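Read the structure below first, then the notes.
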Amino acid sequence: MLEAGAPMNSVKKAVIPVAGLGTRFLPATKAMPKEMLPLVDTPVIQHVVDEAIRAGVETLVMVTGRGKAAIENHFDVAYELEDTLARRGKETDLETVRAITAMGHFVYVRQGEPLGLGHAVLCAKRAVGDEPFALLLGDDVFDEREPALDALLEAHRATGKSVVGVQEVPLEHVRRYGIVSAGEDGNAVWPVTRIVEKPTPDKAPSRFAVVGRYVLTPEVFDHLEKLELGVGGEYQLTDALMKLAEEGRLVAARIPARRFDTGDKLDYLKANVEFALKRDDLGPDFLAYLREIVR
Ligand code: G1P
14 MLEAGAPMNS
24 VKKAVIPVAG
34 LGTRFLPATK
44 AMPKEMLPLV
54 DTPVIQHVVD
64 EAIRAGVETL
74 VMVTGRGKAA
84 IENHFDVAYE
94 LEDTLARRGK
104 ETDLETVRAI
114 TAMGHFVYVR
124 QGEPLGLGHA
134 VLCAKRAVGD
144 EPFALLLGDD
154 VFDEREPALD
164 ALLEAHRATG
174 KSVVGVQEVP
184 LEHVRRYGIV
194 SAGEDGNAVW
204 PVTRIVEKPT
214 PDKAPSRFAV
224 VGRYVLTPEV
234 FDHLEKLELG
244 VGGEYQLTDA
254 LMKLAEEGRL
264 VAARIPARRF
274 DTGDKLDYLK
284 ANVEFALKRD
294 DLGPDFLAYL
304 REIVR
């Protein structure tokens, strides 16, 4: 049932902050954006864009910064490459390359200084305009066979409110995330009354962590504009979300998909193994190899 005043239009824009330095992955990210690290043969950022497009998004607003030109080039026409592939009759490669440019409409805005996630989202204000938008953080990648963003879009359609995508994490991991207040047992969507950025385990309101997926209404920009510096000396999106929570305008939706934190080395390796295993062209041979070396 739609609540009175809930929007009928679906979310057509997504904001993807990509200005981060990627210090967790040095030395690989010294000269290359962390978002371009591949899962098998496809950059992490392309998996994230693909998830947004599959959920019905048409325009991708990338919040970028110095040293991130490879991302813009990846989603742009690669004239010399395409011409060479065409002349050599490499039709499949040509299709693969061209399909990336055709994925959606790309808009780039710059975040001049690394002032935090709240600041990055505010940089996208003009490009987003007065409409609800999805926010996807590039480090979190979900199993593409399970639609992650859809759970949030459904919760937004049903309530007209901003939505944070959450998953339960072990208590010792709560200090890595924004943590929301719990709902009633077993509910998939619930109103958030509190959200705390990176709490210690004793201060965490629950074990439900925000895992890099949001659907936000434009009212979040009003709160972002008034933000004061928060945890870590940065403008925290979580502080603006707490204002929405206080106004009864924030809900949490469980994401029922397998997640990989590709900014974490072990999780990045796991993601590569699992993405390779499910590929028809690589999976069987790779599995045989793993069986051979793991005893
Ligand atoms: C950011 C957010 C945090 C969220 C996390 C999800 O933190 O500030 O609330 O839980 O992303 O990955 P970061 O990982 O950028 O430190």
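Residue numbers for the sequence shown, in this note's numbering: 14 to 308.
All residues carry an ideal CB built from backbone N, CA and C; glycine is no exception.
Please read these numbers as outputs of a predicted model, since none were measured by experiment.
Judged by beta-carbon spacing, Ile84 lies within the 8 Å limit of Val31, meaning their Cβ atoms are closer than that value.
Taking the C-beta atoms as reference points, Ile306 is found no nearer than 8 Å to Thr251. The shortest CA-to-CA distance from Glu64 to any of Val202, Gly199, Tyr302, Phe155 is the one to Phe155. Bounds of any alpha helix (DSSP H) do not take in Met75; it lies within the beta strand (DSSP E) bounded by 72-77. Between Met116 and Ile66, the C-beta spacing is below 8 Å. Proximity of the beta carbon of Gln180 to the ligand G1P is not indicated: no heavy atom of the ligand is located closer than 7 Å. A contact is defined here as three or more CB-CB pairs under 8 Å, and the region 163-174 fails this definition with respect to the region 94-111.
Excluding residues up to 5 positions away in sequence, Ala168, Thr172, Lys174, Val176, Val202, Trp203, Pro204, Val205 lie with their Cβ nearer than 7 Å to the Cβ of Val264 in the same chain. DSSP, reduced to helix, strand and coil, places Phe155 within a strand of the structure shown. Residues of the same chain with a CB within less than 6 Å of the CB of Gly196, apart from the 5 flanking positions on each side, are Trp203 in chain order. When only Cα atoms are considered, Arg111 and Phe88 end up about 9 Å apart. Following the DSSP letters along the chain, one finds Phe234 in no beta strand (DSSP E) but inside the alpha helix (DSSP H) bounded by residues 232-238.
Pairing Ala27 with Leu149 gives a Cβ-Cβ distance under 8 Å.
In the structure shown, Tyr190 falls within a coil segment according to DSSP collapsed to helix, strand and coil.
Exposed is the label assigned to Thr109, since fewer than 16 other Cβ atoms lie within 10 Å of its Cβ. Secondary structure at Ala44: coil, using DSSP grouped into helix, strand and coil. Here Tyr227 is buried, its C-beta having at least 16 other C-beta atoms within 10 Å. With at least 16 other beta carbons inside 10 angstroms of its own, Glu210 counts as buried.
When distances are taken from the beta-carbon of Leu279 to the heavy atoms of the ligand G1P, even the shortest one reaches 7 Å or more.
Proximity of the region 120-130 to the region 240-248 meets the contact definition, three or more beta-carbon pairs being nearer than 8 Å. With at least 16 other beta carbons inside 10 angstroms of its own, Asp152 counts as buried.
In the DSSP assignment, Val57 falls within the alpha helix (DSSP H) that extends over 57-67. A residue is called buried once 16 or more other Cβ atoms fall within 10 Å of its Cβ, and Glu48 is buried on that count. The count of Cβ pairs closer than 8 Å, one atom from the region 213-230 and one from the region 177-186, reaches three, so the stretches are in contact. DSSP places Val244 in the helix class (H, G or I) of the three-state scheme.
Look at Ala222: its beta carbon is less than 7 Å from one of the heavy atoms in the ligand G1P.
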